[in-house]
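What follows is one structure encoded as structure tokens, with my remarks underneath.
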Amino acid sequence: MNISWQRIYGLALRHLYPLKRDFDLLSDMIYWPIIDILIWGITGQWLGGASGNNVMVSLLCGLILWNVIWRSQSEISRNLIDELWNNNLVNLFSTPLSLKEWLVGVILLYVAKTILTMVILSIVIALLYSVNIYAVGWWLIPFFVCAVMTGWWVGFISAGIVIRYGQKVQTVVWTLPGILLPFSVVFFPLANLPRFLQPISYALPSTYIFESMRSLIAGHAVDPRMIAVSFGLNIIYLTISIIWFVKSFKWSLTLGLSRFN
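Going by the numbering used here, the first residue of the sequence shown is number 787, and it counts up by one from there.
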């Protein structure tokens, strides 16, 4: 049987054309591979020159705090996405439920679920690796609070983008927090990040959380100013993100929520 290269070319074009407007496809092809290279390449360099049990503790504590950030943004943005997928957004807000009540309910649900997740993860880590994450002491509280706030403003930004532009940009729910991962220096010290990328890290409140966490695990004192900077940046970004989300929601109301069905 003869092969028609023209038909093959046509089939290839059929799958290439969506790349121009589908960020999901582009993120899988380019975005996530770059993120993986940044994270694990730099982490590998750090591990190559590091030693001791502190490295394992740092990685595990970093993983837990990152889960706090990821889950806090997920509860806000993914709850909205779920309503869109189920074509339930109109039904939800056709009731007396207000936007403020929806936000408070989502946030309270997140806090309960995250505390449960942290308890379970800490038990698993203690059983598998004999590491007690609570050994960092009361500093775990401000670390947790700052991580939660970081997740909230990321969630409000991504939710605002989705409610404004629709499901065609829903991949932002995963890509926006994903880009914070390497620049938040979750698994490696800030000094190991390429110098030209470090200004981005300094602008993120999460960076100060993970740097303080590693300093504490290494036996050094935590600089309260770093926690203050993280808290201050979180307040600024959280305020901006809430304003963005509310304005996006109101703008979407003028167009009609039924367009999402």
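Backbone N, C-alpha and C fix where the C-beta goes; we use that ideal spot for every residue, glycine too.
For residue i, the three-state DSSP class (helix, strand or coil)
i, result
"threonine 936", "helix"
"asparagine 865", "helix"
"proline 975", "coil"
"serine 880", "coil"
"proline 980", "coil"
"leucine 1024", "helix"
"leucine 846", "helix"
"alanine 1007", "coil"
"glycine 1071", "Any property of residue 1071 remains undetermined from this structure, which presents the chain solely from 787 to 1047."
"glycine 952", "coil"
"leucine 1019", "helix"
"asparagine 918", "coil"
"leucine 990", "coil"
"asparagine 873", "coil"
Residue span of the alpha helix (DSSP H) that contains residue i, given as start and end
i, result
"isoleucine 965", "958-969"
"isoleucine 893", "885-915"
CA-to-CA distance, residue j to residue i, given in whole angstroms
i, j, result
"isoleucine 764", "alanine 933", "Here the chain covers residues 787 to 1047 and nothing more, so residue 764 does not appear."
"leucine 990", "glycine 1018", "11 angstroms"
"tryptophan 852", "glycine 952", "27 angstroms"
"proline 980", "leucine 894", "38 angstroms"
"threonine 903", "glutamine 792", "54 angstroms"
"isoleucine 1048", "leucine 846", "Outside the modelled stretch of the chain, which goes from 787 to 1047, sits residue 1048, for which no answer is possible."
"valine 841", "serine 1038", "47 angstroms"
"methionine 935", "isoleucine 1026", "13 angstroms"
"valine 931", "valine 890", "17 angstroms"
"proline 928", "alanine 945", "25 angstroms"
"leucine 907", "valine 922", "16 angstroms"
"alanine 1007", "serine 844", "15 angstroms"
"asparagine 1020", "valine 940", "10 angstroms"
"serine 1016", "phenylalanine 996", "10 angstroms"
"threonine 900", "aspartate 1009", "26 angstroms"
"leucine 966", "asparagine 877", "34 angstroms"
"isoleucine 1028", "asparagine 918", "36 angstroms"
"valine 948", "valine 958", "8 angstroms"
"leucine 962", "phenylalanine 942", "11 angstroms"
"arginine 1011", "methionine 999", "14 angstroms"
"arginine 857", "aspartate 868", "15 angstroms"
"proline 975", "isoleucine 986", "14 angstroms"
Buried or exposed by the 16-neighbour rule on C-beta atoms within 10 Å, applied to residue i
i, result
"glycine 1005", "exposed"
"threonine 1040", "exposed"
"serine 880", "exposed"
"leucine 926", "buried"
"isoleucine 855", "buried"
"phenylalanine 982", "exposed"
"leucine 866", "buried"
"glutamine 859", "buried"
"tyrosine 1023", "buried"
"tyrosine 920", "exposed"
"isoleucine 850", "buried"
"tyrosine 988", "exposed"
C-beta neighbour in chain E for residue i, strict 8 angstroms
i, result
"phenylalanine 982", "In the structure shown, chain E does not exist; there is a single protein chain."
Report task. Report yes or no: do three or more beta-carbon pairs, one from the region 910-925 and one from the region 875-888, lie closer than 8 angstroms? Result -> no
Report task. Would you check if there are 3 or more beta carbon pairs closer than 8 angstroms linking the region 1022-1035 to the region 956-976? Result -> no
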